[in-house]
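A.B. asks: Next up is a structure, given as structure tokens.
Protein chains: 2
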Amino acid sequence: MKQQLNRKITLKSRPSGMPRVEDFELRQEPVPAPGPGQVLLQTLFLSLDPYMRGRISDAKNYAAPVGLGEVIVGGTVSRVLESAAPGFNKGDIVEGPGGWQELSVLAAGSLRKVDPDLAPPSTALGVLGMPGLTAYFSILHVARPISGDVVVISGAAGAVGQLAGQIAKLAGCIVIGIAGSDDKLEYCQKTLGFDHVINYKKTPELASVLTKLCPAGVNVYLDGVGGAISQAVFGNLAFKARVVIIGQISQSNLVEPDLGPRSMRYLLTSRARIEGFLVGDWQSRNSEALLRLSGWLKAGQIQYSEHQVDGLENAPSAFIGMLSGANLGKTIVRVAD
Amino acid sequence: MKQQLNRKITLKSRPSGMPRVEDFELRQEPVPAPGPGQVLLQTLFLSLDPYMRGRISDAKNYAAPVGLGEVIVGGTVSRVLESAAPGFNKGDIVEGPGGWQELSVLAAGSLRKVDPDLAPPSTALGVLGMPGLTAYFSILHVARPISGDVVVISGAAGAVGQLAGQIAKLAGCIVIGIAGSDDKLEYCQKTLGFDHVINYKKTPELASVLTKLCPAGVNVYLDGVGGAISQAVFGNLAFKARVVIIGQISQSNLVEPDLGPRSMRYLLTSRARIEGFLVGDWQSRNSEALLRLSGWLKAGQIQYSEHQVDGLENAPSAFIGMLSGANLGKTIVRVAD
Chain X
0 MKQQLNRKIT LKSRPSGMPR VEDFELRQEP VPAPGPGQVL LQTLFLSLDP YMRGRISDAK
60 NYAAPVGLGE VIVGGTVSRV LESAAPGFNK GDIVEGPGGW QELSVLAAGS LRKVDPDLAP
120 PSTALGVLGM PGLTAYFSIL HVARPISGDV VVISGAAGAV GQLAGQIAKL AGCIVIGIAG
180 SDDKLEYCQK TLGFDHVINY KKTPELASVL TKLCPAGVNV YLDGVGGAIS QAVFGNLAFK
240 ARVVIIGQIS QSNLVEPDLG PRSMRYLLTS RARIEGFLVG DWQSRNSEAL LRLSGWLKAG
300 QIQYSEHQVD GLENAPSAFI GMLSGANLGK TIVRVAD
Chain V
0 MKQQLNRKIT LKSRPSGMPR VEDFELRQEP VPAPGPGQVL LQTLFLSLDP YMRGRISDAK
60 NYAAPVGLGE VIVGGTVSRV LESAAPGFNK GDIVEGPGGW QELSVLAAGS LRKVDPDLAP
120 PSTALGVLGM PGLTAYFSIL HVARPISGDV VVISGAAGAV GQLAGQIAKL AGCIVIGIAG
180 SDDKLEYCQK TLGFDHVINY KKTPELASVL TKLCPAGVNV YLDGVGGAIS QAVFGNLAFK
240 ARVVIIGQIS QSNLVEPDLG PRSMRYLLTS RARIEGFLVG DWQSRNSEAL LRLSGWLKAG
300 QIQYSEHQVD GLENAPSAFI GMLSGANLGK TIVRVAD
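Sequences listed follow chains X and V, in order. Mapping to numbering that gives the first Met the number 0: the first sequence position 14 is 13, numbers consecutive. Mapping to numbering that gives the first Met the number 0: the second sequence position 228 is 227, numbers consecutive.
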């Protein structure tokens with residue numbers, strides 16, 4: 000059988016600061032046939048996520064960085080074109096680490112089958128995938144809010160923030176969403192049912208606005224943003240508050256470290272806890288989480304929005320847009336039909 | 000019975016930055032006779048502790064600040080002069096919140112009897128008092144190191160740091176002490192058995208020195224200091240490290256907030272946890288802790304040192320000295336014999 004040509008996006012140069020489209024390169028190469036236990040996949044949807052900025056940096060991280068010339072890592076929903084692995088058949092829809100490319104050869108063990116009758120397949124990259132799992136575990140297992148707690152979510156309109164806020168609402172919490180555009184915030188409040196929203200770009204006195212909104216303090220802060228927004232929340236933490244750090248997107252494109260007032264003293268006053276979170280640490284409980292998330296989705300108890308972009312060649316610009324906050328909800332590249 | 004004259008030290012002006020002796024005022028006033036359930040106490044020993052700096056500031060704290068003209072708060076070991084409370088007799092030695100004064104009238108419920116046969120009574124302010132309890136709960140109940148963990152302690156030669164390091168040694172840990180003088184560090188290493196010591200004043204590259212000492216990272220960081228020392232440790236946290244904030248003495252005398260690089264990104268890499276600690280939250284378990292601490296003390300398994308100063312009138316200068324790191328171990332003012 001003749002080898003198929005694969006189009007893939009590789010790392011051309013390591014970005015300093017905000018990535019530019021010139022840091023990426025589209026290349027064509029043939030893909031090998033799948034070996035025993037492997038499948039050949041056609042990418043349908045590619046997930047774009049903030050964590051990828053860290054993976055193309057050479058700063059210390061939880062995984063080795065993508066090397067120059069290598070394909071950018073990323074979660075995908077794909078169709079099986081050819082299978083040399085038991086249990087996987089041509090035409091199956093699967094979720095896995097396909098990367099920024101049209102074709103991929105992956106070990107069956109890295110794949111999860113997607114049931115296209117349950118929900119649109121792209122949700123395997125969103126509400127029923129990594130962002131949904133992140134929201135579920137970080138809120139319910141790490142922050143563990145109780146009914147009546149005030150839960151503040153930065154990046155509220157992003158893929159994780161949207162779901163985290165809704166899960167906190169299901170847990171009986173008062174949810175305050177922080178984001179950078181009125182459109183996003185209107186969606187959070189009107190469609191998702193967040194109790195309060197704050198446009199940080201229009202709120203120079205964020206700390207005192209929070210104090211007015213929740214004079215008894217913030218019980219849970221889910222933070223994917225960091226920087227000045229976090230500083231404002233840290234001054235408002237309630238007794239025994241829980242802060243879960245899922246990302247620091249405001250810091251990820253800085254060339255020089257951002258300076259801020261040292262804020263550990265707030266923890267003495269509040270006896271709060273701050274904890275770093277990575278969804279992969281929780282994968283032994285993924286099936287529990289997906290069962291509940293899909294139940295809520297089917298029952299209409301959680302909503303989601305996707306920011307879809309067409310064509311693999313547009314992944315770099317869509318990625319840069321996401322890092323700048325252009326997306327409402329989950330950013331997905333539609334690579335093939 | 001004629002009223003006795005009490006000498007007490009009050010807050011004359013709220014310090015900005017490092018307190019000066021002029022911020023304090025020695026005053027003489029008669030003390031009232033103890034009412035029902037109260038005792039009249041003669042202060043023998045007054046405890047000086049970093050937390051007092053926060054209590055004479057009007058910044059948000061876990062308790063209301065000491066008002067101008069009010070006696071400075073502080074733990075004391077005292078002798079009962081006169082008792083109107085059942086169970087307390089003249090001559091009993093008690094520990095309680097007597098404050099910076101020679102005589103005090105306190106409710107019996109705020110007092111703990113001290114057994115002078117168990118250990119020198121001043122230890123009720125140190126190893127068998129608040130610093131010992133802080134070390135015990137913060138290390139064993141919050142940080143929960145396991146045998147083989149690397150435990151870093153800032154303020155290593157202070158009242159809490161000395162004990163925390165020894166408790167971590169009893170738990171089978173590798174202990175690294177950080178302090179600001181070679182004398183202190185020699186004591187930590189030779190007398191207390193810490194594994195490694197670092198003089199931060201002579202170590203501009205603290206982060207890389209720590210990386211060399213413990214390439215697998217820091218599992219537990221007990222921090223009473225904050226600032227640049229903490230920043231160096233944060234870059235060296237091991238997977239699932241636990242940081243317990245018991246104070247931030249480096250920050251407590253600043254007029255302008257100290258700026259540092261925002262450091263929450265380290266928590267993503269390490270999935271570490273940072274938690275604020277206040278010993279009062281744990282008081283329901285004090286008897287468990289004191290039983291174990293006194294057992295270790297009697298068995299010679301923990302040592303302690305005291306920095307004693309004579310005379311109530313010298314409390315302000317001794318307090319300022321302690322904030323500047325002049326003390327080795329627990330700072331105590333001997334007020335009467």
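Each residue gets a CB set at the ideal place from its N, CA and C atoms; glycine is no exception. Predicted model, so just to flag it, every value in this text is computed and none were measured.
#1: Tell me which residues share the same chain as LYS211(X) and place their Cβ nearer than 6 Å to its Cβ, disregarding the 5 neighbours each side in the sequence.
#2: Here's a check: name, in chain order, each residue in its chain whose Cβ is nearer than 7 Å to the Cβ of PRO14(V), leaving out the five neighbours to either side.
#3: Could you check which residue in ALA325(X), LYS329(X), LEU311(X) has the C-alpha nearest to that of GLN41(X)?
#4: For a quick check, are the C-beta atoms of VAL217(V) and ASN235(V) less than 8 Å apart?
#5: How many Å lie between PRO256(V) and VAL30(X) at the Cα?
#6: Between the beta-carbon of VAL38(V) and the beta-carbon of GLU81(V), is there less than 8 Å?
#7: Give me the chain V residues within the contact set of ARG13(X), using Cβ-Cβ distance strictly less than 7 Å, ordered along the chain.
#8: Show which residues of chain X have a CB atom less than 9 Å away from the CB atom of SER229(V).
#9: For the beta strand (DSSP E) holding ARG6(V), just list the boundary residues, first then last.
#10: Taking all protein chains shown into account, decide if SER77(V) is buried (16 or more other Cβ within 10 angstroms of its Cβ) or exposed.
#11: In chain order, what residues of the segment 309-320 of chain V put their CB closer than 8 Å to some CB of chain X?
#12: Let me know if GLN27(V) comes out buried or exposed under the rule of 16 or more other beta-carbons within 10 Å of its beta-carbon.
#13: Please check the pair ILE245(X) and THR122(X), which I expect to be a contact at CB under 8 Å, by giving their CB distance rounded to whole angstroms.
#14: For PHE276(X), which residues in chain V fall below 9 Å Cβ to Cβ?
#15: At the 8 Å Cβ level, is ILE152(X) part of the contact set with chain V, yes or no?
#16: Can the beta-carbon of GLY53(V) be found closer than 8 Å to that of GLY157(V)?
#17: Tell me, to the nearest whole angstrom, how far the beta carbon of MET51(V) is from that of PHE318(V); I am working on the premise that it is less than 8 Å.
#18: Identify every residue that forms a DSSP beta bridge with HIS195(X).
#19: Given that a residue counts as buried once 16 or more other Cβ atoms are within 10 Å of its Cβ, and exposed if not, what is THR190(V)?
#20: Under 7 Å Cβ to Cβ from ARG6(V), same chain only, skipping five residues before and after it: list those, please.
#21: List the residues of chain X whose Cβ lies closer than 7 Å to the Cβ of GLY226(V), in chain order.
#22: In the DSSP output, what is ASP222(X) paired with across the bridge?
#23: In whole angstroms, what separates the C-alpha of LYS59(X) from that of GLY86(X)?
#24: Between ALA155(X) and ALA170(X), which are expected to be in contact by the criterion C-beta below 8 Å, what is the C-beta distance as a whole number of angstroms?
#25: My output table needs one value for GLU185(V): the three-state DSSP class, helix, strand or coil.
#26: Run through chain V and tell me which residues come within less than 8 Å of ASP280(X), C-beta to C-beta.
#27: So the alpha helix (DSSP H) VAL159(V) belongs to, where does it begin and stop?
#28: Relative to the C-alpha of ARG291(X), which candidate in ASP309(X), TYR135(X), ALA84(X) has its C-alpha closest?
#29: List the endpoints of the continuous alpha helix (DSSP H) containing THR268(V).
#30: Using the three-state DSSP reduction, which class does ASP309(V) fall into: helix, strand or coil?
#31: By the three-class DSSP mapping on this structure, what secondary structure does VAL150(V) have?
#32: Report all residues from its chain with a CB closer than 8 Å to the CB of GLU69(X); omit the five preceding and five following residues, and keep chain order.
#33: What does the alpha-carbon distance come out to for the pair ALA107(X) and VAL334(X)?
#34: Go ahead and label ALA142(X) buried or exposed: buried means 16 or more other beta carbons lie within 10 angstroms of its beta carbon, across all protein chains shown.
#35: Should GLY131(X) be counted as a contact of the ligand ZN given a C-beta to heavy atom distance under 7 Å?
#36: Report the CB separation of LEU209(V) from VAL196(V) in whole angstroms; it is logged as a contact under 8 Å.
C.D. replies: Reading off the structure:
#1: none
#2: ASP22, ILE55
#3: Of ALA325(X), LYS329(X), LEU311(X), the residue nearest in Cα terms is LEU311(X).
#4: Pairing VAL217(V) with ASN235(V) gives a Cβ-Cβ distance under 8 Å.
#5: 57 Å
#6: In this structure, GLU81(V) lies closer than 8 Å to VAL38(V) by Cβ.
#7: Going along chain V, no residue has its Cβ under 7 Å from ARG13(X), so there is no contact; the nearest lies around 17 Å.
#8: ARG261, MET263
#9: That run of the beta strand (DSSP E) goes 4-10.
#10: buried
#11: none
#12: exposed
#13: That pair is no contact at about 20 Å.
#14: LEU266, LEU267, ARG270
#15: no
#16: no
#17: 7 Å
#18: DSSP, once it has assigned bridges, lists ILE175(X) as partnering HIS195(X).
#19: exposed
#20: LEU25, GLN27, GLN100, GLU101, LEU311
#21: ARG261
#22: ILE244(X)
#23: So the alpha carbons of these two residues sit roughly 38 Å apart.
#24: Between ALA170(X) and ALA155(X) the Cβ distance is about 16 Å, and since that is not below 8 Å, they are no contact.
#25: helix
#26: ARG270
#27: Counting along the chain, VAL159(V) sits inside the alpha helix (DSSP H) bounded by residues 158-169.
#28: TYR135(X)
#29: Unbroken alpha helix (DSSP H) run through THR268(V): 264-269.
#30: strand
#31: strand
#32: THR9, LEU10
#33: 21 Å
#34: So ALA142(X) counts as buried.
#35: This structure does not include the ligand ZN; it has no bound ligands of any sort.
#36: In fact, because the Cβ distance is near 12 Å, the residues do not count as touching under 8 Å.
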